[in-house]
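Going line by line, the protein sequences match chains A and B. All the letters of the first sequence, read from the start, carry residue numbers 1 to 426 under the numbering used here. All the letters of the second sequence, read from the start, carry residue numbers 1 to 292 under the numbering used here. Using N, Cα and C, we set each Cβ at its ideal position, and we do this for glycine too. Take a look at the structure below.
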Amino acid sequence: MLRAVARRRQRAAASLPNRDAAMKGTTAMVVSHASPGAPRFLPRAALADLVTLLQDEGFTVVGPTVVDGVVMYRPIDSPDDLPHGVNDVQQRGTYRLAEGDPELTFEFASGPDSPKRFLFPPQQQLMQFRVQGEGFEVTAGPPDVPKIALLGVRPCDLAAIRVQDRVFGQDDPATFRCESEPWYEQAREQTLLVAVNCTSPGGNCFCVSWGTGPEAHEGFDLSLTELRDGFICRAGSPRGKELAAKLPLREPTRTELDLAELLMNRACEHMGRALDTASVKELLEQKREDSHWDEVAQRCLSCGNCTMVCPTCFCSTVTDVTDLSGEETTRVRSWESCFTHQFSYTVAGPGRDSLRSRYRHWLRHKLCTWQDQFGVSGCVGCGRCITWCPVGIDITQEVQALRNDSTSLPAPIAPACAFSSEGSPP
Amino acid sequence: MIAHVDVDGRPEPICGMDQWMPAPARILAVQTENFNTRTFRLQFVDPVLREQFRFAPGQFNMLYAPGVGEAAISISSDPARPGVIDHTIRVVGSVTRAVDAAGPGGLVGLRGPFGKPWPMKQMEGHNLVIVAGGIGLAPLRPVIYSILNERDRYRRVVLLYGCRTPEDRLYAHELEQWEDRGAIQVLVTVDNATAAWTGPVGVVTNLLKRLRVSAQETIVLVCGPKILNRVAAWKFLQLHVPPSRVYVSLERNMNCGFGRCGHCQYDKFFVCRDGPVFCFADIADVFAKEEI
Ligand SMILES: Cc1cc2nc3c(=O)[nH]c(=O)nc-3n(C[C@H](O)[C@H](O)[C@H](O)COP(=O)(O)OP(=O)(O)OC[C@H]3O[C@@H](n4cnc5c(N)ncnc54)[C@H](O)[C@@H]3O)c2cc1C
Ligand code: SF4
Ligand code: SF4
Ligand code: FES
Chain A
1 MLRAVARRRQ
11 RAAASLPNRD
21 AAMKGTTAMV
31 VSHASPGAPR
41 FLPRAALADL
51 VTLLQDEGFT
61 VVGPTVVDGV
71 VMYRPIDSPD
81 DLPHGVNDVQ
91 QRGTYRLAEG
101 DPELTFEFAS
111 GPDSPKRFLF
121 PPQQQLMQFR
131 VQGEGFEVTA
141 GPPDVPKIAL
151 LGVRPCDLAA
161 IRVQDRVFGQ
171 DDPATFRCES
181 EPWYEQAREQ
191 TLLVAVNCTS
201 PGGNCFCVSW
211 GTGPEAHEGF
221 DLSLTELRDG
231 FICRAGSPRG
241 KELAAKLPLR
251 EPTRTELDLA
261 ELLMNRACEH
271 MGRALDTASV
281 KELLEQKRED
291 SHWDEVAQRC
301 LSCGNCTMVC
311 PTCFCSTVTD
321 VTDLSGEETT
331 RVRSWESCFT
341 HQFSYTVAGP
351 GRDSLRSRYR
361 HWLRHKLCTW
371 QDQFGVSGCV
381 GCGRCITWCP
391 VGIDITQEVQ
401 ALRNDSTSLP
411 APIAPACAFS
421 SEGSPP
Chain B
1 MIAHVDVDGR
11 PEPICGMDQW
21 MPAPARILAV
31 QTENFNTRTF
41 RLQFVDPVLR
51 EQFRFAPGQF
61 NMLYAPGVGE
71 AAISISSDPA
81 RPGVIDHTIR
91 VVGSVTRAVD
101 AAGPGGLVGL
111 RGPFGKPWPM
121 KQMEGHNLVI
131 VAGGIGLAPL
141 RPVIYSILNE
151 RDRYRRVVLL
161 YGCRTPEDRL
171 YAHELEQWED
181 RGAIQVLVTV
191 DNATAAWTGP
201 VGVVTNLLKR
211 LRVSAQETIV
221 LVCGPKILNR
231 VAAWKFLQLH
241 VPPSRVYVSL
251 ERNMNCGFGR
261 CGHCQYDKFF
271 VCRDGPVFCF
281 ADIADVFAKE
291 EI
């Protein structure tokens, strides 16, 4: 276990965009020992071989599937379960699946679901115990860590996993931050990550602003860039290299490589949103008090959707569930949202009573105080909070409004090409 | 990143830093302090833990009432005698009521100690002004015990304590003892006097008028309701006590106690881990702000 911790510390240290670089929006991924292997080509038909190979190695393969009109991560039996020919339309407060290119499998952007659910489950039993004579007898621990291969992880979500590594994984006990969480640690070690680079970013994506996408540079076992006949495939870890060796890969042609590069460049130019990340921390340090918070409070419903879909939000509440006899207690940890009253409640009343203060806390935590706490931004630019906000509150616009020092919203950002020549594709 | 100063002197919590399993403890005795507050004397069931457990003044435990839940409660006993642990509890809700109902002999659970303690090392050689309001005296009692244990390490010590009525005073008996022994000066004020009360009436910060504070040699410790914390800190700053010598203990909602659940956030801080005791200099820019 200790070795695993040390390894993870190394990994996290090597992989996290440092604050200055991240804030300039440059590509901050330090290419380390984990730099991806040479590009190879995986023919489209061989995607099935990959799934079978993973299954043979004992993994439950989890991938994007269409469930109730949205893309969700679910166990799949074969590539047939993936959302072929599906595109999505995402706007502020809007998500619709649309007909996409029938020959493409990964033409959609992030849905409401993220890999967070598999490493930090929405609800999890920590232990079960009963009062037994002079003490508490533990009758059960947390559930076993499932052996999962996640197929189709987006680059922003890989970055989000690295952010959560800092939350759950690798604090220094010498500074009295917590030790790594054993369940997370094990899930993280065990879970295999097959990334899929984004060739068709969504209407609310802004990973380019943070340098977290649209192409994954590390933090995966395998990465895929989808072309028509197959995928450019890279291995990003020893485990990925072993897998790659068992797949029917071939050398990619010059044209295929050029096309993949073109697709990545085009994706950079097609971010639906943009966030001026430069000095956003300093901005929010100055904006503890601003009339704009009152303005947002007029719109925000305090539903907490943004926190539930965010791949980095880590707040939780542990509660005790007791059987009728009152003897057997189950400690359950559930995702919590800072938008609830209960979250900050003390006997003197809620710490953050007004809506204004709760939105302010959320936004400032994501973009400002998170960096003090964990040395990295709490936002990776996935755009989920914009899509799933029922009233379409847009984090990028709120920052812009705070910057403009105005109480009214700025003109909406054109949904395409927000980063043209200015953008710095990773 | 947040600088974690003062980490030395912080004892390792029993059961590690992030174990959610409370360790069983027995209620040995219960002392009634006032109409809704009692001091519970606890002892770990496990003799090994009794030996191992250490805490520093200002730290707290997550106190568990079986089948009900947990509450953050400061340790109010003498750190030099960590084999028994006092918790002075205002009975206000589900957990505190359940602990109260368990009574002497009852079984509860503890996780801890958590949090950053009062700056005992820095306090040596200084004049100390301790300002407490209501239940806020509980996390300061270990400070007073530590001072009494090694009185020569500190210079003049004054305790300013405010509560609603004379009957509401915590540790009434001990307050008199401390005063009588002459080891520390104790000034108590009440909001509402009773017929028998001959002491001052009014808010605790009024007591400041009775003191001469040598700004450069004094360290101030404050724990009370939000309004008291604010007014007290402000008054001492007005008396030119540097912000780096004013310490305040804050209350927030707490769930984990070790910096993971997010509930206790106060600007960039996790109060359970970076506090509850804060140096005013570190929180000066948010302290007067509402709903942080
Ligand atoms: C560092 C620290 C030290 C404290 N020391 C003491 C002490 O020495 N003596 C004392 O009497 N009280 C102390 N408190 C306050 C004490 O934690 C609350 O009064 C206690 O949580 C009330 O619990 P309850 O279940 O009985 O109350 P309830 O009112 O039943 O609580 C209802 C709900 O309110 C929430 N809640 C209310 N207050 C808090 C809180 N402060 N933290 C977390 N959740 C809360 C809980 O989630 C609970 O589910 C301290 C608080 C903190 C943060
Ligand atoms: S704050 Fe919004 S855009 Fe940023 S990572 Fe969270 S959900 Fe995605
Ligand atoms: S405080 Fe709010 S924004 Fe921050 S992690 Fe918790 S739920 Fe997310
Ligand atoms: S109480 Fe959980 S983070 Fe402070």
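Legend entry - Short CB-CB distance (under 7 Å) between E103 (chain A) and chain B: no
Check your understanding: Could you give the residue range of the alpha helix (DSSP H) that holds F236 (chain B)?
Key -> 226-238
Let me check you understand the geometry: is the CB of F343 (chain A) closer than 6 Å to at least one non-hydrogen atom of ligand 4? Relative to the non-hydrogen atoms of ligand 4, the Cβ of F343 (chain A) never comes closer than 6 Å to any of them.
### Message
Please return the same chain residues whose Cβ sits closer than 6 Å to the Cβ of P115 (chain A), not counting the five positions on each side in sequence.
### Response
L150, V153, D157
- request: Run the CB neighbour count on F287 (chain B), radius 10 Å, all protein chains shown included, and call it buried at 16 or more, exposed below.
  value: buried
What beta strand (DSSP E) runs, 3 residues minimum, are completely inside the stretch 140-178 of chain B?
157-163
_The alpha helix (DSSP H) that contains I395 (chain A), what's its start and end?_
395-403
Can you tell me whether DSSP reads C223 (chain B) as helix, strand or coil? strand
Where the beta strand (DSSP E) containing E70 (chain B) begins and where it ends
Note, E70 (chain B): beta strand (DSSP E), 69-74.
Practice problem: May I ask you to list, following chain order, the residues of the stretch 347-370 of chain A that have a beta carbon less than 9 Å from some beta carbon of chain B? | Solution: V347, A348, P350, G351, R352, D353, S354, R356, S357, R358, R360, H361, R364, H365, C368, T369, W370
- Item | Distance cut-off 6 Å: M62 (chain B) Cβ against heavy atoms of ligand 4 | no
*Would you say F120 (chain A) faces chain B, with C-beta separation under 7 Å as the test?*
no
Report task. Return the CA-CA distance between L257 (chain A) and C389 (chain A), expressed in angstroms with no decimal places. Result -> Here the alpha carbons of C389 (chain A) and L257 (chain A) stand approximately 38 Å from one another.
How many angstroms separate the CA atom of V271 (chain B) from the CA atom of Y345 (chain A)? About 14 Å.
Which parts of the stretch 213-301 of chain A are runs of the alpha helix (DSSP H), unbroken and 4 residues or longer, counting only runs that do not cross its ends?
238-245, 254-269, 280-286, 291-299
For T52 (chain A) and chain B, any beta-carbon pair shorter than 7 Å?
-> no
Original post:
Comparing alpha-carbon positions, which option in B:G125, B:R245, B:V99 lies nearest D152 (chain B)?
Top reply: The option with the nearest alpha carbon to D152 (chain B) is B:G125.
Original post:
Would you call the CB atoms of C223 (chain B) and A132 (chain B) closer than 7 Å?
Top reply: yes
Counting only Cβ-Cβ distances shorter than 8 Å, please list the residues of the stretch 119-152 of chain A near chain B, keeping chain order.
L126, M127, F129, V131, E134, G135, F136, V138
message = What would DSSP say about I283 (chain B), mapped onto helix, strand or coil?
response = helix
Taking 7 Å as the limit between beta carbons, can you name the residues of its chain near N255 (chain B), skipping five residues before and five after?
C261, H263
Item checked: Which residues DSSP lists as bridging F60 (chain B), in chain order -> Answer is B:S74, B:F114.
- Query: Can you name the residues of chain B whose CB is closer than 7 Å to the CB of R188 (chain A)?
  - Reply: Per Cβ cutoff of 7 Å: no residues; R188 (chain A) is ~15 Å from chain B at best.
With a threshold of 7 Å between beta-carbons, can T225 (chain A) be considered close to chain B, or not? no
Subject >> Same chain, Cβ closer than 6 Å to G392 (chain A), five either side skipped, listed in chain order >> reply: R92, G93
| query | Does the beta carbon of N192 (chain B) sit closer than 7 Å to a beta carbon anywhere in chain A? | reply | no
Within the continuous alpha helix (DSSP H) that includes L50 (chain A), where are the two ends? Its alpha helix (DSSP H) spans residues 47-56.
(Q) Using 7 Å as the threshold, is the C-beta distance between R333 (chain A) and D320 (chain A) below it? (A) In this structure, D320 (chain A) does not lie closer than 7 Å to R333 (chain A) by Cβ.
Supposed close pair H365 (chain A), Q265 (chain B) - CB separation, criterion 8 Å
7 Å
key: Alpha carbon of S110 (chain A) to alpha carbon of Q19 (chain B), nearest angstrom   = 34 Å
| field | Contacts around A98 (chain A), its chain only, beta-carbon distance under 6 Å, and the 5 residues preceding and following it disregarded | value | N87, V89
**Check: C382 (chain A) C-beta below 6 Å from any heavy atom of ligand 2** = yes
Q. From this set, B:K268, B:P142, B:K116, which residue's C-alpha is nearest D293 (chain B)'s C-alpha?
A. Examination of residue 293 (chain B) is not possible in this model, given that chain B is present from 1 through 292 alone.
List the residues of chain B that T340 (chain A) touches, going by C-beta distances under 9 Å, in chain order.
Near T340 (chain A) there are no residues of chain B at all, since even the closest Cβ is about 10 Å away, more than 9 Å.
DSSP on I65 (chain B), reduced to helix/strand/coil?
This sequence places Ala at residue 65 (chain B); Ile is not what is there. In this structure, A65 (chain B) counts as strand in the three-state DSSP scheme.
Any Cβ of chain A within less than 7 Å of the Cβ of V99 (chain B)? Residue-level contact check: V99 (chain B) does not touch chain A, since none of the beta carbons of chain A fall below 7 Å from its beta carbon.
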